[in-house]
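All remarks here apply to the structure that follows.
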Amino acid sequence: MRYYIAQRLFWSVVIVFGIVVVNFVLTRIVPGDPTTALVGEFPVPQAYIDQIRHDFGLDQSIPAQLYYYLVHVAQGDLGFSFVGRQNVLPLILRRAGVTLILMLPSLTLASIIGVLIAVRAARRAGSSLNTFLTALSLAGASVPVFWLAQMLVMLFAVRLGWLPAQGMVSVRANYTGLAYFLDLLRHLILPSFCITIFYLAIVVRVARTSMLEMLHQDFVLTARAKGLSENQVVVRHVLRNALIPVITVIGYNFGYSLTGAILTETVFAWPGIGGLFVSSIHYQDFPVLSGIFLLAATAVVAANFITDILYAVVDPRVRVATLKPA
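Right under this line is the structure:
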(Lines of atoms letter the chains of each structure in order from A and count residues from 1; the text may use other names and numbers.)
(Lines give C-alpha, C1' and ligand atoms only; values in the text may rest on other atoms or scores of the structure.)
Protein backbone atom coordinates (compact mmCIF):
# COMPACT_ATOMS: atom_id res chain seq x y z
CA MET A 1 0.00 0.00 0.00
CA ARG A 2 2.85 2.40 0.80
CA TYR A 3 4.52 1.68 -2.52
CA TYR A 4 1.19 2.26 -4.29
CA ILE A 5 0.72 5.63 -2.57
CA ALA A 6 4.33 6.69 -3.21
CA GLN A 7 4.02 5.77 -6.88
CA ARG A 8 0.83 7.77 -7.32
CA LEU A 9 2.28 10.73 -5.42
CA PHE A 10 5.40 10.82 -7.60
CA TRP A 11 3.41 10.89 -10.83
CA SER A 12 1.07 13.52 -9.40
CA VAL A 13 4.02 15.85 -8.79
CA VAL A 14 5.39 15.20 -12.28
CA ILE A 15 2.02 15.92 -13.88
CA VAL A 16 1.57 19.18 -11.94
CA PHE A 17 5.06 20.32 -12.98
CA GLY A 18 4.33 19.57 -16.63
CA ILE A 19 1.01 21.42 -16.50
CA VAL A 20 2.65 24.45 -14.90
CA VAL A 21 5.24 24.65 -17.67
CA VAL A 22 2.72 24.22 -20.49
CA ASN A 23 0.27 26.74 -19.04
CA PHE A 24 3.01 29.30 -18.47
CA VAL A 25 4.19 29.06 -22.07
CA LEU A 26 0.63 29.20 -23.45
CA THR A 27 -0.24 32.35 -21.52
CA ARG A 28 2.92 34.06 -22.83
CA ILE A 29 2.47 33.28 -26.53
CA VAL A 30 -1.11 34.54 -26.87
CA PRO A 31 -1.49 37.75 -28.94
CA GLY A 32 -1.54 41.08 -27.15
CA ASP A 33 0.53 43.06 -24.70
CA PRO A 34 -0.24 43.04 -20.95
CA THR A 35 1.36 46.47 -20.54
CA THR A 36 -1.93 47.89 -21.86
CA ALA A 37 -3.57 46.80 -18.60
CA LEU A 38 -0.67 48.26 -16.63
CA VAL A 39 -0.45 51.72 -18.17
CA GLY A 40 -4.00 52.12 -19.49
CA GLU A 41 -5.05 53.37 -22.90
CA PHE A 42 -3.75 56.91 -22.49
CA PRO A 43 -0.59 57.91 -24.38
CA VAL A 44 2.54 57.55 -22.24
CA PRO A 45 6.23 57.89 -23.04
CA GLN A 46 7.86 54.79 -24.52
CA ALA A 47 10.53 54.97 -21.82
CA TYR A 48 7.83 54.50 -19.17
CA ILE A 49 6.43 51.46 -21.00
CA ASP A 50 9.91 49.98 -21.28
CA GLN A 51 10.45 50.52 -17.55
CA ILE A 52 7.17 48.78 -16.75
CA ARG A 53 8.08 45.82 -18.94
CA HIS A 54 11.47 45.60 -17.24
CA ASP A 55 10.00 45.79 -13.73
CA PHE A 56 7.65 42.87 -14.44
CA GLY A 57 10.22 40.88 -16.42
CA LEU A 58 8.24 41.11 -19.66
CA ASP A 59 11.31 42.16 -21.63
CA GLN A 60 13.01 38.81 -21.02
CA SER A 61 12.77 35.68 -23.15
CA ILE A 62 10.10 33.09 -22.36
CA PRO A 63 12.66 30.52 -21.07
CA ALA A 64 14.11 33.14 -18.72
CA GLN A 65 10.64 34.15 -17.50
CA LEU A 66 9.77 30.48 -16.99
CA TYR A 67 12.91 29.87 -14.94
CA TYR A 68 12.29 32.78 -12.60
CA TYR A 69 8.60 31.82 -12.36
CA LEU A 70 9.44 28.27 -11.28
CA VAL A 71 11.93 29.58 -8.71
CA HIS A 72 9.32 31.89 -7.22
CA VAL A 73 6.61 29.21 -7.28
CA ALA A 74 8.92 26.88 -5.35
CA GLN A 75 9.10 29.63 -2.71
CA GLY A 76 5.31 30.04 -2.59
CA ASP A 77 5.30 33.26 -4.63
CA LEU A 78 2.94 33.24 -7.64
CA GLY A 79 3.80 36.75 -8.73
CA PHE A 80 2.10 40.15 -8.72
CA SER A 81 -1.20 40.89 -10.42
CA PHE A 82 -0.92 43.48 -13.20
CA VAL A 83 -4.52 44.61 -12.77
CA GLY A 84 -5.25 43.99 -9.10
CA ARG A 85 -1.92 45.48 -7.95
CA GLN A 86 -1.54 42.80 -5.28
CA ASN A 87 0.12 39.45 -4.75
CA VAL A 88 -1.48 36.65 -6.74
CA LEU A 89 -1.56 33.93 -4.10
CA PRO A 90 -3.80 35.67 -1.50
CA LEU A 91 -6.01 37.02 -4.32
CA ILE A 92 -6.59 33.54 -5.77
CA LEU A 93 -7.03 31.85 -2.41
CA ARG A 94 -9.63 34.41 -1.38
CA ARG A 95 -11.60 33.94 -4.60
CA ALA A 96 -11.14 30.15 -4.47
CA GLY A 97 -12.62 30.08 -0.97
CA VAL A 98 -15.72 31.85 -2.25
CA THR A 99 -16.02 29.36 -5.13
CA LEU A 100 -15.70 26.41 -2.75
CA ILE A 101 -18.54 27.81 -0.63
CA LEU A 102 -20.69 27.37 -3.72
CA MET A 103 -19.24 24.16 -5.15
CA LEU A 104 -18.54 21.85 -2.21
CA PRO A 105 -22.09 21.71 -0.79
CA SER A 106 -23.49 21.34 -4.31
CA LEU A 107 -21.12 18.52 -5.27
CA THR A 108 -21.64 16.74 -1.94
CA LEU A 109 -25.42 16.81 -2.36
CA ALA A 110 -25.13 15.69 -5.98
CA SER A 111 -22.91 12.74 -5.00
CA ILE A 112 -25.04 11.51 -2.08
CA ILE A 113 -28.44 12.02 -3.70
CA GLY A 114 -27.17 10.69 -7.03
CA VAL A 115 -26.02 7.38 -5.53
CA LEU A 116 -29.29 6.99 -3.59
CA ILE A 117 -31.38 7.65 -6.69
CA ALA A 118 -29.26 5.24 -8.74
CA VAL A 119 -29.71 2.46 -6.16
CA ARG A 120 -33.44 3.06 -6.13
CA ALA A 121 -33.68 3.09 -9.93
CA ALA A 122 -31.49 0.01 -10.40
CA ARG A 123 -33.60 -2.02 -7.98
CA ARG A 124 -36.72 -1.04 -9.95
CA ALA A 125 -35.27 -1.76 -13.39
CA GLY A 126 -37.98 -1.79 -16.04
CA SER A 127 -40.52 0.02 -13.87
CA SER A 128 -42.05 3.41 -14.53
CA LEU A 129 -40.00 4.85 -11.66
CA ASN A 130 -36.77 3.72 -13.30
CA THR A 131 -37.88 5.23 -16.63
CA PHE A 132 -38.76 8.52 -14.97
CA LEU A 133 -35.46 8.76 -13.09
CA THR A 134 -33.49 7.88 -16.21
CA ALA A 135 -35.28 10.54 -18.25
CA LEU A 136 -34.81 13.08 -15.44
CA SER A 137 -31.07 12.42 -15.24
CA LEU A 138 -30.74 12.69 -19.02
CA ALA A 139 -32.57 16.02 -18.98
CA GLY A 140 -30.39 17.32 -16.15
CA ALA A 141 -27.22 16.50 -18.07
CA SER A 142 -28.55 17.95 -21.33
CA VAL A 143 -29.90 21.31 -20.17
CA PRO A 144 -27.24 24.05 -20.55
CA VAL A 145 -26.25 25.41 -17.17
CA PHE A 146 -26.26 29.05 -18.27
CA TRP A 147 -29.80 28.68 -19.72
CA LEU A 148 -31.11 27.01 -16.57
CA ALA A 149 -29.48 29.71 -14.45
CA GLN A 150 -31.15 32.50 -16.42
CA MET A 151 -34.53 30.77 -16.27
CA LEU A 152 -34.24 30.42 -12.49
CA VAL A 153 -33.34 34.11 -12.17
CA MET A 154 -36.30 35.13 -14.32
CA LEU A 155 -38.73 32.97 -12.34
CA PHE A 156 -37.65 33.12 -8.70
CA ALA A 157 -35.85 36.49 -8.61
CA VAL A 158 -37.56 38.70 -11.21
CA ARG A 159 -41.12 37.36 -11.45
CA LEU A 160 -41.74 35.95 -7.96
CA GLY A 161 -39.16 37.97 -6.04
CA TRP A 162 -38.49 35.14 -3.62
CA LEU A 163 -34.71 34.95 -3.98
CA PRO A 164 -31.91 37.37 -4.88
CA ALA A 165 -30.77 37.36 -8.50
CA GLN A 166 -27.04 37.96 -8.07
CA GLY A 167 -24.21 38.34 -5.61
CA MET A 168 -23.11 36.48 -2.52
CA VAL A 169 -24.63 38.73 0.16
CA SER A 170 -26.90 41.76 0.22
CA VAL A 171 -24.77 44.86 -0.38
CA ARG A 172 -27.30 47.27 1.12
CA ALA A 173 -27.49 45.47 4.46
CA ASN A 174 -24.81 45.04 7.08
CA TYR A 175 -25.79 41.64 8.44
CA THR A 176 -23.77 39.86 11.10
CA GLY A 177 -23.92 36.51 12.82
CA LEU A 178 -26.95 34.35 12.07
CA ALA A 179 -28.54 37.02 9.87
CA TYR A 180 -25.44 37.06 7.66
CA PHE A 181 -25.48 33.27 7.40
CA LEU A 182 -29.15 33.19 6.42
CA ASP A 183 -28.60 35.93 3.85
CA LEU A 184 -25.71 33.91 2.39
CA LEU A 185 -27.96 30.84 2.16
CA ARG A 186 -30.61 32.82 0.26
CA HIS A 187 -28.01 33.90 -2.30
CA LEU A 188 -26.64 30.37 -2.46
CA ILE A 189 -29.89 28.57 -3.33
CA LEU A 190 -30.19 29.34 -7.05
CA PRO A 191 -26.56 28.87 -8.16
CA SER A 192 -26.18 25.81 -5.96
CA PHE A 193 -29.32 24.29 -7.46
CA CYS A 194 -27.95 24.72 -11.00
CA ILE A 195 -24.68 23.01 -10.14
CA THR A 196 -26.33 20.24 -8.12
CA ILE A 197 -28.75 19.36 -10.93
CA PHE A 198 -25.99 19.09 -13.52
CA TYR A 199 -23.60 16.94 -11.48
CA LEU A 200 -26.45 14.94 -9.96
CA ALA A 201 -27.49 13.81 -13.43
CA ILE A 202 -23.97 12.62 -14.22
CA VAL A 203 -23.65 10.65 -10.97
CA VAL A 204 -27.07 9.04 -11.41
CA ARG A 205 -26.36 7.85 -14.93
CA VAL A 206 -22.98 6.33 -14.10
CA ALA A 207 -24.06 4.81 -10.78
CA ARG A 208 -27.25 3.33 -12.24
CA THR A 209 -25.39 1.70 -15.12
CA SER A 210 -22.80 0.25 -12.77
CA MET A 211 -25.47 -1.02 -10.37
CA LEU A 212 -27.39 -2.75 -13.15
CA GLU A 213 -24.22 -4.45 -14.34
CA MET A 214 -23.37 -5.71 -10.86
CA LEU A 215 -26.90 -6.98 -10.20
CA HIS A 216 -26.45 -9.56 -12.97
CA GLN A 217 -23.12 -10.93 -11.76
CA ASP A 218 -22.74 -14.49 -10.46
CA PHE A 219 -21.76 -13.41 -6.95
CA VAL A 220 -25.12 -11.65 -6.59
CA LEU A 221 -26.95 -14.87 -7.49
CA THR A 222 -24.80 -16.71 -4.95
CA ALA A 223 -25.63 -14.16 -2.24
CA ARG A 224 -29.33 -14.49 -2.95
CA ALA A 225 -29.06 -18.28 -2.93
CA LYS A 226 -27.59 -18.08 0.56
CA GLY A 227 -30.81 -16.46 1.76
CA LEU A 228 -29.64 -12.85 2.11
CA SER A 229 -32.33 -10.21 1.89
CA GLU A 230 -32.41 -7.86 -1.09
CA ASN A 231 -31.18 -4.96 1.07
CA GLN A 232 -28.21 -7.01 2.28
CA VAL A 233 -27.36 -8.04 -1.27
CA VAL A 234 -27.47 -4.45 -2.52
CA VAL A 235 -25.62 -2.80 0.37
CA ARG A 236 -23.01 -5.48 1.21
CA HIS A 237 -22.24 -6.82 -2.26
CA VAL A 238 -23.62 -4.83 -5.18
CA LEU A 239 -23.04 -1.27 -4.01
CA ARG A 240 -19.41 -1.72 -3.00
CA ASN A 241 -18.48 -3.35 -6.32
CA ALA A 242 -20.42 -0.73 -8.24
CA LEU A 243 -18.61 2.16 -6.56
CA ILE A 244 -15.45 2.02 -8.70
CA PRO A 245 -16.79 4.01 -11.70
CA VAL A 246 -18.85 6.17 -9.34
CA ILE A 247 -15.74 7.12 -7.39
CA THR A 248 -14.12 8.10 -10.68
CA VAL A 249 -16.97 10.44 -11.57
CA ILE A 250 -17.21 11.96 -8.10
CA GLY A 251 -13.44 12.49 -7.99
CA TYR A 252 -13.59 14.11 -11.42
CA ASN A 253 -16.37 16.42 -10.26
CA PHE A 254 -14.51 17.52 -7.13
CA GLY A 255 -11.30 17.93 -9.10
CA TYR A 256 -12.96 20.54 -11.28
CA SER A 257 -14.71 22.23 -8.37
CA LEU A 258 -12.59 25.40 -8.66
CA THR A 259 -13.23 25.95 -12.36
CA GLY A 260 -16.45 24.04 -12.96
CA ALA A 261 -18.78 26.91 -12.06
CA ILE A 262 -17.45 29.67 -14.31
CA LEU A 263 -20.72 30.00 -16.26
CA THR A 264 -22.85 29.78 -13.13
CA GLU A 265 -20.72 32.36 -11.33
CA THR A 266 -20.97 34.67 -14.34
CA VAL A 267 -24.77 34.51 -14.51
CA PHE A 268 -25.26 34.97 -10.75
CA ALA A 269 -22.33 37.41 -10.32
CA TRP A 270 -20.90 35.11 -7.68
CA PRO A 271 -17.55 36.69 -6.65
CA GLY A 272 -15.53 33.51 -7.01
CA ILE A 273 -12.61 32.44 -9.11
CA GLY A 274 -14.72 32.29 -12.28
CA GLY A 275 -15.07 36.05 -12.51
CA LEU A 276 -11.39 36.49 -11.75
CA PHE A 277 -10.53 34.05 -14.52
CA VAL A 278 -12.64 35.91 -17.11
CA SER A 279 -11.25 39.33 -16.17
CA SER A 280 -7.68 37.98 -16.21
CA ILE A 281 -8.16 36.74 -19.76
CA HIS A 282 -9.60 40.10 -20.82
CA TYR A 283 -6.73 42.10 -19.35
CA GLN A 284 -4.07 39.44 -20.06
CA ASP A 285 -3.07 39.35 -16.42
CA PHE A 286 -0.48 36.59 -16.90
CA PRO A 287 0.47 36.01 -13.24
CA VAL A 288 -3.17 35.57 -12.20
CA LEU A 289 -3.90 33.26 -15.14
CA SER A 290 -0.85 31.13 -14.36
CA GLY A 291 -1.86 31.03 -10.70
CA ILE A 292 -5.41 29.93 -11.52
CA PHE A 293 -4.10 27.24 -13.87
CA LEU A 294 -1.71 26.04 -11.20
CA LEU A 295 -4.42 25.91 -8.56
CA ALA A 296 -6.88 24.15 -10.88
CA ALA A 297 -4.25 21.62 -11.99
CA THR A 298 -3.29 20.91 -8.40
CA ALA A 299 -6.94 20.41 -7.46
CA VAL A 300 -7.54 18.00 -10.34
CA VAL A 301 -4.38 16.00 -9.69
CA ALA A 302 -5.09 15.90 -5.95
CA ALA A 303 -8.63 14.66 -6.62
CA ASN A 304 -7.29 11.96 -8.93
CA PHE A 305 -4.71 10.98 -6.30
CA ILE A 306 -7.40 10.63 -3.63
CA THR A 307 -9.54 8.69 -6.11
CA ASP A 308 -6.69 6.23 -6.70
CA ILE A 309 -6.32 5.73 -2.97
CA LEU A 310 -10.07 5.11 -2.64
CA TYR A 311 -9.77 2.53 -5.42
CA ALA A 312 -7.29 0.60 -3.31
CA VAL A 313 -9.56 0.85 -0.26
CA VAL A 314 -12.69 -0.31 -2.08
CA ASP A 315 -11.07 -2.92 -4.35
CA PRO A 316 -8.22 -5.01 -2.85
CA ARG A 317 -7.28 -6.16 -6.37
CA VAL A 318 -5.82 -2.71 -7.01
CA ARG A 319 -3.43 -3.10 -4.08
CA VAL A 320 -2.40 -6.57 -5.16
CA ALA A 321 -1.80 -5.50 -8.76
CA THR A 322 0.53 -2.66 -7.73
CA LEU A 323 2.61 -4.36 -5.06
CA LYS A 324 6.32 -3.51 -5.14
CA PRO A 325 8.16 -6.20 -7.12
CA ALA A 326 10.64 -8.32 -5.18
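Last residue of the sequence shown? That's 326 in UniProt numbering, and every number before it is there in order. Beta carbons: idealized from backbone N, C-alpha and C, even for Gly.
Reference residue i; option with closest CA among the options
{"i": "GLY274", "options": "TYR311, GLY18, ILE52, LEU100", "result": "LEU100"}
{"i": "HIS216", "options": "SER12, ALA122, ILE113, LEU276", "result": "ALA122"}
{"i": "THR209", "options": "ARG124, TRP162, ILE262, ALA157", "result": "ARG124"}
{"i": "GLY272", "options": "LEU93, SER142, THR298, ILE49", "result": "LEU93"}
{"i": "ALA201", "options": "GLN65, VAL313, ILE113, ARG53", "result": "ILE113"}
{"i": "PHE146", "options": "VAL73, ILE250, ILE292, SER192", "result": "SER192"}
{"i": "ARG120", "options": "VAL234, TYR283, PRO144, PHE277", "result": "VAL234"}
{"i": "MET211", "options": "GLY140, VAL22, PRO90, PRO245", "result": "PRO245"}
{"i": "THR266", "options": "VAL143, LEU136, LEU102", "result": "LEU102"}
{"i": "GLN284", "options": "SER12, MET214, PHE24", "result": "PHE24"}
{"i": "ASN304", "options": "TRP11, TYR3, ARG2", "result": "TRP11"}
{"i": "ALA299", "options": "ILE5, ARG2, LEU148, VAL13", "result": "VAL13"}
{"i": "THR264", "options": "MET151, GLY161, LEU289", "result": "MET151"}
{"i": "MET154", "options": "GLN51, PHE268, ILE306", "result": "PHE268"}
{"i": "LEU138", "options": "ARG236, ASN174, VAL203", "result": "VAL203"}
Span of the alpha helix (DSSP H), counted from its first residue to its last, around residue i
{"i": "GLY274", "result": "273 to 283"}
{"i": "SER170", "result": "Per DSSP, SER170 belongs to no alpha helix (DSSP H) and is neither H nor E."}
{"i": "PRO63", "result": "62 to 74"}
{"i": "SER111", "result": "88 to 123"}
{"i": "LEU243", "result": "239 to 255"}
Where residue i sits in the DSSP three-state scheme
{"i": "VAL13", "result": "helix"}
{"i": "PHE198", "result": "helix"}
{"i": "PHE82", "result": "coil"}
{"i": "HIS216", "result": "coil"}
{"i": "LEU58", "result": "coil"}
{"i": "GLY227", "result": "coil"}
{"i": "THR259", "result": "coil"}
{"i": "ALA326", "result": "Any reading at ALA326 must be qualified, since the residue scores a pLDDT of 45, below 50, and its modelled position is unreliable; the value itself is stated next. Coil."}
{"i": "ASP50", "result": "helix"}
{"i": "residue 336", "result": "Within the shown structure, residues of the chain are numbered from 1 to 326, placing residue 336 beyond reach of any answer."}
{"i": "ASP308", "result": "helix"}
{"i": "ALA269", "result": "coil"}
Rounded distance between the beta-carbons of residue j and residue i, thought under 8 Å
{"i": "TYR311", "j": "ILE247", "result": "7 Å"}
{"i": "residue 387", "j": "LEU295", "result": "Because residue 387 is not part of the residues shown, which for the chain are 1 to 326, the question remains open."}
{"i": "SER106", "j": "TYR199", "result": "7 Å"}
{"i": "TYR180", "j": "VAL171", "result": "Not really, about 13 Å apart at Cβ, beyond 8 Å."}
(message) Ignoring anything shorter than 4 residues, give me the alpha helix (DSSP H) runs that lie fully in the stretch 128 to 192, in order along the chain.
(response) Qualifying alpha helix (DSSP H) stretches, in chain order: 128 to 142, 145 to 152.
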